[in-house]
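Just so we're aligned: the sequence shown equals residues 1 to 321 in full-length UniProt numbering.
Cβ coordinates follow ideal geometry from the N, Cα and C atoms, glycine included.
From a predicted model like this one, the values you see are computed outputs, not experimental measurements.
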Amino acid sequence: MKPRRACVQLLVFSLLGLLVVSLVFVGRLAGSLSRPPRIAHAVFLKRVRDASHNIVRVDGLNAAETYLNTVRLNDGPLYVLVTSLRNGSEPDWCELCDVARQPVATAFANAPPSARLLWVQVTEEGWETSKFTLRPDAQLEIRELPTLLRYNGRMVTTLLLAEAFVSDPLLLAGVFATPPTAVPVPRVVDVTTIDEMNAALNAFDGAPLFLYFVSGRYESTGRLWCPHCDRADVPILGYYRAYAPPNATLLRIVVAKTIDQWHDVANPFRTQSAVKLTGLPMLTRLSLSGAGLPQLNEYVEFFEDRDRLRAFFEQNQAPTA
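In structure tokens, the structure reads:
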């Protein structure tokens, strides 16, 4: 039989051991409860919070699709930026992506606090492979790198900017920031019929008037069925609002709701003679000649040539090379 003191010491050591085991168990339990679900843990690579803005980075289009299936749009607008994934210290295989990274980060810092940005980085091999599959890039309709989209839910997106436009500070500010309402901006008028277009042409009084011909939209996604129109829509309207005179008007003329209607030889916009359509999208300006007569001037440069696009809206001579 052991002395009483030894029994007491043994009892104390036993209780201390049980206490340590309990604390370890509780700590592990609390840690497991605080972790995100397994699927989210696999998707989230890095979450950055800066001035109440949220940027989530993922690698690959499959990870992007997984993340998008978990978000709630009620929490605020969600933007999707798709760029190349750098390979260590080697030169970026997508030069435009390298140029766009800092302008996007700078502009997003001025976005509303509820805005979120999903930054998707893809390898060169993954991007080339995805072109021949019907995977998330097809569902998200990503055709070029870099690309900036707005996510609308259910894998439906709106194309905002692509390629060189993604690094444009003016366009990025318009995409992310809440535009001021007190500043007067030139008008944009939606036109869907020949009669509406002709009425505007007949009422021309010399004030700046632009005619912008575009396609209709897919009912299922809201994207313009003309891919070139879809790509140019935000940049053209952004530069018009920024540089056209305050008294200007732009007629945004939808030539056909569907592709079949556009190819119909009886399409009213194809048969009319007031403005000869050379393709979609098409941008032209109605102004007065030296003799005081109305004349049409079509913008024939690349829309990516932003200096010339700005000059076209400002009604200045295009810069010389």
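Let me know if Gly-174 comes out buried or exposed under the rule of 16 or more other beta-carbons within 10 Å of its beta-carbon. Your numbering for residue 174 matches position 174 in the sequence shown. Classification of Gly-174: buried, given that the 10 Å Cβ count is 16 or more.
Inter-residue Cα distance where the pair is Leu-78 and Val-234: On the sequence shown, position 78 is the one that residue 78 refers to. On the sequence shown, position 234 is the one that residue 234 refers to. If you take the alpha carbons of Leu-78 and Val-234, they lie about 17 Å apart.
Please list the terminal residues of the continuous alpha helix (DSSP H) segment that includes Ala-105. By 1-based counting over the sequence shown, the position of residue 105 is 105. Where Ala-105 is concerned, the enclosing alpha helix (DSSP H) stretches over 95 to 108.
Quick one: residues in its chain with C-beta nearer than 7 Å to the C-beta of Lys-257, no 5 flanking neighbours on either side, listed in chain order? Counting from 1 along the sequence shown, the entry for residue 257 is found at position 257. Here the set comprises Gly-216.
Given that a residue counts as buried once 16 or more other Cβ atoms are within 10 Å of its Cβ, and exposed if not, what is Arg-116? Position 116 of the sequence shown, counted from the start, is the residue given in the question as residue 116. Arg-116 comes out buried.
Element boundaries [alpha helix (DSSP H), containing Ala-199]: As a working mapping, residue 199 is identified with position 199 in the sequence shown. 194 to 202 is the span of the alpha helix (DSSP H), which, as asked, contains Ala-199.
With DSSP as the reference, please indicate the residues paired to Gln-295 in a beta bridge. Counting from 1 along the sequence shown, the entry for residue 295 is found at position 295. According to DSSP, which records beta bridges pairwise, Gln-295 is partnered with Ser-287.
Residues in the same chain with beta-carbon distance under 8 Å from Gln-295, minus the five sequence neighbours each way, listed in chain order, please. Residue 295 sits at position 295 when you count from the first residue of the sequence shown. Excluding residues within five positions, the ones whose Cβ falls inside 8 Å are Leu-286, Ser-287, Leu-288 and Ser-289.
Relative to the alpha-carbon of Val-71, which residue among Ser-167, Asn-152 and Asp-195 has its alpha-carbon at the smallest distance? To locate residue 71, count along the sequence shown from 1; it is residue 71. Nearest option by C-alpha distance: Asn-152.
Out of Pro-169, Tyr-218, Pro-186 and Cys-226, state which residue places its alpha-carbon closest to the alpha-carbon of Pro-208. In the sequence shown, counting from the first residue as 1, residue 208 sits at position 208. The option with the nearest alpha carbon to Pro-208 is Pro-186.
Let me check understanding here. Comparing Cα to Cα, which of Val-265, Asp-260, Ile-253 and Ala-291 lies closest to Val-275? The residue you call residue 275 lines up with position 275 of the sequence shown. Measuring from the Cα of Val-275, the nearest candidate turns out to be Ile-253.
Burial state of Pro-246, where buried means 16 or more other Cβ atoms lie within 10 Å: As a first step, residue 246 must be located in the sequence shown, where it is residue number 246. Exposed, because fewer than 16 other Cβ atoms sit within 10 Å of the Cβ of Pro-246.
Along the chain, where does the alpha helix (DSSP H) containing Leu-309 start, and where does it finish? Stepping through the sequence shown from its first residue, residue 309 is reached at position 309. Leu-309 -> alpha helix (DSSP H) spans 306 to 314.
At which residues does the alpha helix (DSSP H) containing Gln-272 begin and terminate? On the sequence shown, position 272 is the one that residue 272 refers to. That residue, Gln-272, is in no alpha helix (DSSP H); it is neither H nor E in DSSP.
Give me the Cα-Cα distance between Ala-248 and Ser-273, rounded to the nearest whole angstrom. Translated into positions along the sequence shown, residue 248 becomes position 248. Translated into positions along the sequence shown, residue 273 becomes position 273. Approximately 24 Å, taken between the alpha carbons.
Are there 16 or more other CB atoms within 10 angstroms of the CB of Ala-203, so buried, or fewer, so exposed? In the sequence shown, counting from the first residue as 1, residue 203 sits at position 203. Per the 10 Å Cβ criterion, exposed.
Spatial neighbours of Thr-147 within its chain, please: CB distance less than 6 Å, with the 5 preceding and 5 following residues excluded, ordered by chain position. On the sequence shown, position 147 is the one that residue 147 refers to. Counting only Cβ-Cβ distances below 6 Å, and skipping sequence neighbours, we find Val-82 and Ala-162.
Sub-8 Å separation of Tyr-243 and Arg-310 beta-carbons: For this step, residue 243 is matched to residue 243 along the sequence shown. For this step, residue 310 is matched to residue 310 along the sequence shown. Yes, they are a contact pair.
Helix, strand or coil at Tyr-218 [DSSP, three-state]: As a working note, residue 218 is residue 218 in the sequence shown. In the structure shown, Tyr-218 sits in coil (DSSP, three-state: anything other than H, G, I, E or B).
Please state whether the Cβ-Cβ distance between Val-56 and Leu-118 is less than 8 Å. Reading the sequence shown from its first residue, position 56 is the one you call residue 56. Reading the sequence shown from its first residue, position 118 is the one you call residue 118. In this structure, Leu-118 lies closer than 8 Å to Val-56 by Cβ.
Which residues mark the beginning and the end of the beta strand (DSSP E) in which Val-191 is found? Within the sequence shown, numbered from 1, the residue matching residue 191 stands at position 191. From DSSP, the beta strand (DSSP E) with Val-191 extends over 187 to 191.
Count the other CB atoms, across all protein chains shown, that sit within 10 Å of the CB of Arg-241; report buried if there are 16 or more and exposed otherwise. For this step, residue 241 is matched to residue 241 along the sequence shown. Under this definition Arg-241 is a buried residue.
If the criterion is Cβ atoms closer than 8 Å, does the pair Pro-227 and Arg-143 meet it? Here residue 227 refers to the residue found at position 227 when the sequence shown is read from its first residue. Here residue 143 refers to the residue found at position 143 when the sequence shown is read from its first residue. Yes, these two residues count as a Cβ contact at 8 Å.
DSSP on Phe-25, reduced to helix/strand/coil? For the purposes of this step, residue 25 is taken as residue 25 along the sequence shown, with counting starting at 1. With a pLDDT of 49 at Phe-25, under the threshold of 50, the modelled position of that residue is not reliable, and the figure given next carries that caveat. Three-state result, Phe-25: helix.
Strand pairing of Thr-258, partner residues [DSSP]: Looking up residue 258 in the sequence shown gives position 258. Paired residues: none, contrary to the question.
So who's on the other strand from Tyr-239, going by DSSP bridges? Along the sequence shown, one-based indexing puts residue 239 at 239. DSSP output for Tyr-239 lists no bridge partner at all.
Using 8 Å as the threshold, is the C-beta distance between Gly-76 and Val-156 below it? The residue you call residue 76 lines up with position 76 of the sequence shown. The residue you call residue 156 lines up with position 156 of the sequence shown. No, Cβ-Cβ distance for Gly-76 and Val-156 is not below 8 Å.
Thinking C-alpha only, which one of Glu-196, Leu-293 and Glu-65 is nearest Leu-250? Here residue 250 corresponds to residue number 250 of the sequence shown, with the count starting at 1. The shortest Cα separation from Leu-250 among Glu-196, Leu-293 and Glu-65 belongs to Glu-196.
So, under 8 Å CB-CB, Val-58 and Val-120 are touching, yes? Tell me the CB distance rounded to an integer number of Å. Taking the first residue of the sequence shown as position 1, residue 58 is located at position 58. Taking the first residue of the sequence shown as position 1, residue 120 is located at position 120. Yes, Val-58 and Val-120 are in contact; Cβ-Cβ is about 6 Å, under 8 Å.
Determine the closest residue to Gly-88 out of Ala-100, Thr-123 and Asn-54, with distance taken between C-alpha atoms. Along the sequence shown, read from residue 1 onward, the residue named residue 88 stands at position 88. Looking at the Cα atoms, Thr-123 is the closest of the given residues.
Roughly how many whole angstroms lie between the Cα atoms of Tyr-67 and His-263? Taking the first residue of the sequence shown as position 1, residue 67 is located at position 67. Taking the first residue of the sequence shown as position 1, residue 263 is located at position 263. Tyr-67 and His-263: Cα-Cα distance of roughly 39 Å.
Could you tell me whether the Cβ of Leu-159 comes closer than 8 Å to any Cβ of chain C? Among the chains in the structure shown there is no chain C, since it carries only a single protein chain.
Locate the beta strand (DSSP E) running through Ala-162, then write down its first and last residues. Here residue 162 is taken as the residue at index 162 of the sequence shown, counted from 1. Here the beta strand (DSSP E) through Ala-162 covers 156 to 162.
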